[in-house]
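Read through the structure below, which is laid out as structure tokens, and then see the notes.
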Amino acid sequence: MEVESSPGKVHAAIREARRRGLTIGCVPTMGALHAGHVSLVQRARSENDFVVATIFVNPTQFGPTEDFSRYPRTLDTDLEQCRGAGANLVFTPQVSDMYAADAETIVRVTGLSTVLEGAHRPGHFDGVTTVVTKLFQITEPDRAYFGQKDYQQQLIIRRMVQDLNIPVTIVTCPIIREADGLAMSSRNRYLSPEERGIAAEIFQALQLADRLAVGSAVSPREIAERMRAHLEGTGGLSVQYAVVADTQTLASQETRIPGASGVALIAAKLGTTRLIDNQILNYSVAE
Ligand code: AMP
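Positions 2 to 288 (this note's numbering) are the ones given, in order, by the sequence shown.
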């Protein structure tokens, strides 16, 4: 496994792999890797000849009051995990390798980026789409791997590659969870032991939504209300949103259509830590 911080050298290494006829899989991350990230690298390994993982804490996707400077940086163990999962190359640029001081260009997905996460984190998705475009330019992957954990993010990336004719297939991978259901996240390490106990209630609220979708005639609007009530009944959680939305447009879903699906999405703060999670809902029963 090679480790390289220069965009030019990574581009050259990937061009060389392509010249040899290898297919390229790319896994963008911000490091502080856990089993969720590892599952993406493993999936990429199983579907491509050459796997490049990227580790870059991207400043442009953090708001001014967010945790950029204290975001966990654990490069040595990250590299071990990439090696164990079968990465061929890890791209570890510095901020100055990715952004010229006089850079003026951003990539923006206009509609989808303004709701839910975008409403609570203004500018966040502009940072994501700009850096992912740059990573795609540098690594020219056949396939790129994203987690369902960041549901809105993978939807926005799909929109972006379609709109900009970027020749890459986006693969969305399942959410990897702790034993009690808490979605793995690099930010979970910020939680105190007491907060860590409460955090699993987010998964419990999503499980409640899942049960209501499958086994009752409750409307999506009421499912969302029941999720919110569950979360608000849990001391310590401050709910930013708890919604049931269309899986493609993220518009709030009002009525259930048997055989169709929706997505339950939650963002909540626990102390200073912001957590997100989601669950696809399959409606088996009419309203
Ligand atoms: P991050 O390092 O937080 O930017 O995440 C890098 C990639 O890993 C993103 O595509 C995330 O959606 C994905 N990811 C993060 N947590 C999980 C998880 N628990 N299960 C699956 N994928 C995840």
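Even glycine gets a Cβ: it sits at the ideal position worked out from N, Cα and C.
Asked                                                                                                                     : Found
For Q280, the residue or residues it bridges with in DSSP                                                                 : A265
Nearest candidate by alpha-carbon position, reference R46, set L23, A33, I107 and T66                                     : L23
Within 9 Å, strictly: CB atoms of L34 and D79                                                                             : yes
Check: F41 C-beta below 8 Å from any heavy atom of the ligand AMP                                                         : Checking the displayed sequence, the identity of residue 41 turns out to be Leu instead of Phe. Correct: L41 has its Cβ closer than 8 Å to the ligand AMP.
Three-state class that DSSP yields for E67 in the structure shown                                                         : coil
Near the ligand AMP: V110 beta-carbon under 8 Å from a heavy atom                                                         : no
Start-to-end residues for the beta strand (DSSP E) that takes in T30                                                      : I25 to T30
Separation of G216 from A225, as counted between CA atoms                                                                 : 15 Å
C-beta atoms of L117 and V244 nearer than 9 Å                                                                             : yes
7 Å Cβ shell around I171 - same chain, five flanking residues per side excluded                                           : A145, F147, Q155, I158, R159 and V162
Complete beta strand (DSSP E) runs within the stretch 34-58 (minimum length 3 residues, chain order)                      : 51-56
Own chain, CB closer than 6 Å to G263, minus 5 neighbours either side, in chain order                                     : P221, V245, Q254 and L282
I203 and L232 closer than 9 Å at C-beta                                                                                   : yes
Cα-Cα separation between K10 and S239, rounded to whole angstroms                                                         : 45 Å
Range of the contiguous alpha helix (DSSP H) that encloses I171                                                           : Careful: I171 lies outside any alpha helix (DSSP H), inside the beta strand (DSSP E) at T170 to C174.
Those residues which DSSP pairs with V4 across a bridge                                                                   : V91
Chain-order list of residues whose beta-carbon lies under 8 Å from that of A14 (same chain, five-residue window excluded) : E3, E5 and L90
Whether I199 touches G237 by CB criterion (9 Å)                                                                           : yes
Three-state secondary structure assigned by DSSP to V133                                                                  : helix
beta-carbon A33 near the ligand AMP non-hydrogen atom, thresh 8 Å                                                         : yes
M31 versus T248: straight-line alpha-carbon distance, rounded                                                             : 25 Å
Pairwise C-alpha distance: T134 and I107                                                                                  : 9 Å
Cβ shell of N49 (< 7 Å), same chain only, five flanking positions each side left out                                      : T24, I25, G26, D143 and R144
Proximity winner among T173, C174 and E196, relative to L183 (alpha-carbon distances)                                     : E196
Inter-residue Cα distance where the pair is L192 and T273                                                                 : 9 Å
Reduced DSSP category for A246 - H, G, I as helix; E, B as strand; rest coil                                              : strand
Residues near Q43 by beta carbon distance below 8 Å, same chain, minus five either side                                   : A86 and G87
C-alpha distance - E223 paired with T131, whole-angstrom precision                                                        : 37 Å
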